[in-house]
Amino acid sequence: MKFFLDTANLDAIRRAVELGMCDGVTTNPTLIAQEMKKHDHLISEIAKIVKGPISVEGDTDTCDGIVKEAKIFKTWAPNVVVKVPMTHEGLKAVRILEKEGIHTNVTLIFSPSQALLAAKAGASYVSPFVGRLDDVSEDGMQLVRDILQIYRNYGFKTQVIVASIRNPNHVVEAAKAGADIATVPADVFAKMWNHPLTDKGLDLFLEDWKKVPKPAPKGGKGKGK
Ligand code: E4P
Numbered sequence: 021m022k023f024f025l026d027t028a029n030l031d032a033i034r035r036a037v038e039l040g041m042c043d044g045v046t047t048n049p050t051l052i053a054q055e056m057k058k059h060d061h062l063i064s065e066i067a068k069i070v071k072g073p074i075s076v077e078g079d080t081d082t083c084d085g086i087v088k089e090a091k092i093f094k095t096w097a098p099n100v101v102v103k104v105p106m107t108h109e110g111l112k113a114v115r116i117l118e119k120e121g122i123h124t125n126v127t128l129i130f131s132p133s134q135a136l137l138a139a140k141a142g143a144s145y146v147s148p149f150v151g152r153l154d155d156v157s158e159d160g161m162q163l164v165r166d167i168l169q170i171y172r173n174y175g176f177k178t179q180v181i182v183a184s185i186r187n188p189n190h191v192v193e194a195a196k197a198g199a200d201i202a203t204v205p206a207d208v209f210a211k212m213w214n215h216p217l218t219d220k221g222l223d224l225f226l227e228d229w230k231k232v233p234k235p236a237p238k239g240g241k242g243k244g245k
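Take 21 as the starting number for the sequence shown in the numbering used here and just add one per residue.
See below:
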């Protein structure tokens with residue numbers, strides 16, 4: 021399973037890359053706005069750190085506009101993947117861009133039928149938003165399972181990026197379902213390795229180390245009991 025980081029924050033990305041846990045990055049207008057930097061500059065900076073796919077979203081909604089914008093994004097970094105909205109115009113743009121070798125990530129997927137259409141259009145990735153579905157009392161992870169079943173039935177190559185992740189359990193459930201990728205916000209990523217019993221266990225072991233007689237220093241007599 022691949023981990024993408026769902027952030028445009030350079031420090032958070034650096035930390036995950038250092039750990040060897042960042043296979044890619046997803047951004048959106050909200051995440052870009054939080055960084056208060058120019059869009060092109062920020063994406064180029066991310067691309068210096070991340071070798072995997074970097075999803076970049078634009079602000080146009082017509083097929084022509086999306087295609088034009090996608091070509092500009094590709095000049096920012098070669099590993100840019102263009103986020104395309106799940107609309108009629110978006111699907112038209114996906115077909116054109118993929119034919120030209122520009123990878124697309126169809127975003128704002130909330131139903132299996134949308135994911136089926138995106139795969140038929142040739143999208144490289146789809147992003148089902150699990151957290152936003154859970155927020156309105158729907159079952160986000162069931163959507164992921166449905167999409168994976170449909171894609172397996174027909175051998176679609178489109179990869180499923182589980183998006184709008186709110187907690188570590190979403191990542192675990194995505195892994196259990198067999199999703200290709202989870203795109204994880206930095207704060208959720210940090211929570212994935214935290215456990216109070218791990219901290220408590222480490223404190224206890226450190227205390228117990230203090231009770232163990234120290235080895236004699238080389239060439240001298242030890243004071244061990
Ligand atoms: C995915 O590509 C989106 O950037 C993201 O996962 C949306 O998450 P949110 O619902 O927390 O805004």
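Just so it is clear, CB atoms sit at the ideal spot from N, CA and C, and this is done for glycine as well. All figures in this text were calculated on a predicted structure; none of them were measured in a lab.
Distances from the alpha-carbon of residue 148 to those of 211, 90, 35 and 181 put 181 closest.
By the criterion of a C-beta distance shorter than 7 Å, residue 121 is surrounded by no residue of its chain, once the five residues flanking it on both sides are discounted.
Taking each of 28, 72, 29 and 61 in turn and checking the Cα distance to residue 41, the smallest one comes out for 72.
Comparing alpha-carbon positions, the option among 141, 143 and 160 lying closest to residue 150 turns out to be 160.
The shortest CA-to-CA distance from residue 168 to any of 139, 33 and 207 is the one to 139. Within the same chain, and ignoring the five residues on either side of residue 66 in sequence, the residues whose Cβ sits closer than 8 Å to its Cβ are 28, 30, 33, 45, 47, 74 and 97. Apart from sequence neighbours up to five positions away, the residues of its chain that approach residue 60 with a beta-carbon distance below 7 Å are 96, ordered along the chain. Cβ neighbours of residue 100 within its own chain (closer than 6 Å, five residues either side excluded): 74, 76, 93 and 94. For the ligand E4P, no non-hydrogen atom lies closer than 7 Å to the CB of residue 32. For residue 133, the closest of 202, 165, 119 and 156 by C-alpha to C-alpha distance is 165. Following the DSSP letters along the chain, one finds residue 71 in no alpha helix (DSSP H), marked with neither H nor E. The C-alpha of residue 198 lies about 46 Å from the C-alpha of residue 231.
Membership of residue 100 in the beta strand (DSSP E) is indicated by the continuous run 100 to 105.
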